[in-house]
Amino acid sequence: MQQLQVGIFGASGKVGGLLAKEIHKQPYLALSSVFLRQNLNLQLAQILPQETFVTNDVEQFLAHCQLVIDFSSPKALDTLLQVLLLNPLPLVCGTTGLQEQWQALAELSQKVPVLYASNMSLGVAVLNEVVGAVAKNLEHADIEITEIHHRYKKDAPSGTALTLGQTCAHARGVDFKEVCQEHREGVRKEGEIGFTSLRAGDIVGRHTVGFYLDGEYLELSHTATERNIFAKGALEAAKWLSAQKPGLYSIQDIYHS
């Protein structure tokens, strides 16, 4: 079977570096190009295969791959999407903190398959399904979502926490924007979904969704102990996405196929 030529956008980041390190373990994937805004550092240079095309030109980056995996920033993703819309390639996107980028992702997905996931781990995919069922069955429970990450994480709440909250709201048939409470002041309002974000140390990630009733409560948690689970999940997503038709997919679609 011919190897799929993969380009990593944001290779100098934490997950980007792990992608470059993990991809050689995948017999059907090959790292063909990486996009870097700055010069190639020694640590990444030691990981990359000699034949990898390294560039700070987005068009040239895309010309040397068949599928893109993005773990960058919302601003960098804007640049990537502008060029991808003119030169469409399948995209696996794990960048969090998105706002106006959703429209461009949806537009791109009409031309090529696009998979977006705020978290690429299998455990979180399962947790996301479970919390939806619990939210529906415990319809009168107060929902609070707590997430803890390392001190360097920029967005809060995390993209994963927001996805979990959206799943709970959808299961209850309510508008997430109307019930989302990221910064509480005063008494808790009925039906709202609250978020708490903690940033400290080198914590990879922990998400807890709590369902609180009078006299009892249920808490469901996922803890990431190694960051490479996100890289492994993204590579599995890349293999799966390469065989799909144009459309906007989630990580759940992989495990339901």
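Each residue of the sequence shown is one higher than the one before, starting from 3 at the first, in this note's numbering.
Backbone N, C-alpha and C fix where the C-beta goes; we use that ideal spot for every residue, glycine too.
Buried or exposed (CB count within 10 angstroms, at least 16 for buried), residue i
{"i": "Tyr-118", "result": "buried"}
{"i": "Asp-72", "result": "buried"}
{"i": "Glu-146", "result": "buried"}
{"i": "Asn-89", "result": "exposed"}
{"i": "Tyr-257", "result": "exposed"}
{"i": "Pro-248", "result": "exposed"}
Spatial neighbours of residue i in its chain, beta-carbon cut-off 7 Å, leaving aside the 5 residues before and after
{"i": "Gln-246", "result": "Pro-115"}
{"i": "Gln-103", "result": "Pro-76, Leu-79, Asp-80 and Leu-83"}
{"i": "Leu-100", "result": "Pro-76"}
{"i": "Val-8", "result": "Ile-25, Leu-31, Ala-32, Leu-33, Ser-34, Cys-67, Leu-69, Ile-71 and Ala-240"}
{"i": "Thr-260", "result": "Shown here, the chain extends from 3 to 259; a query on residue 260 therefore has no answer."}
{"i": "Leu-87", "result": "Ala-106, Glu-109 and Leu-110"}
{"i": "Ala-127", "result": "Ile-253, Gln-254 and Tyr-257"}
{"i": "Glu-141", "result": "Arg-174"}
Whole-number beta carbon distance between residue j and residue i, since they are thought to touch under 8 Å
{"i": "Gly-235", "j": "Ser-123", "result": "5 Å"}
{"i": "Ser-199", "j": "Thr-98", "result": "Not confirmed; about 12 Å, so no contact."}
{"i": "Ser-14", "j": "Leu-46", "result": "6 Å"}
Neighbourhood of residue i by C-beta, 6 Å cutoff - its chain only, sequence neighbours within 5 removed
{"i": "Arg-208", "result": "Ile-150 and Thr-225"}
{"i": "Thr-165", "result": "Ser-120"}
Local conformation of residue i per DSSP, three classes
{"i": "Thr-54", "result": "coil"}
{"i": "Gln-183", "result": "strand"}
{"i": "Val-211", "result": "strand"}
{"i": "Gln-7", "result": "strand"}
{"i": "Ser-199", "result": "strand"}
{"i": "Gly-161", "result": "helix"}
{"i": "Gly-96", "result": "coil"}
{"i": "Asp-255", "result": "helix"}
{"i": "Gly-249", "result": "strand"}
{"i": "Ser-111", "result": "helix"}
{"i": "Leu-31", "result": "strand"}
{"i": "Asp-72", "result": "strand"}
Proximal residues to residue i (C-beta, below 8 Å), its chain only, five neighbours per side dropped
{"i": "His-172", "result": "Gly-134 and Phe-178"}
Beta-carbon proximity check, residue i vs residue j, cutoff 9 Å
{"i": "Thr-54", "j": "Phe-63", "result": "no"}
{"i": "Gly-196", "j": "Gln-183", "result": "yes"}
{"i": "Thr-210", "j": "Thr-162", "result": "no"}
{"i": "Glu-174", "j": "Ala-233", "result": "Residue identity differs from the one stated: residue 174 is Arg in this sequence, not Glu. No; because the gap between Cβ atoms is not below 9 Å, this pair is not in contact."}
{"i": "Leu-215", "j": "Val-94", "result": "no"}
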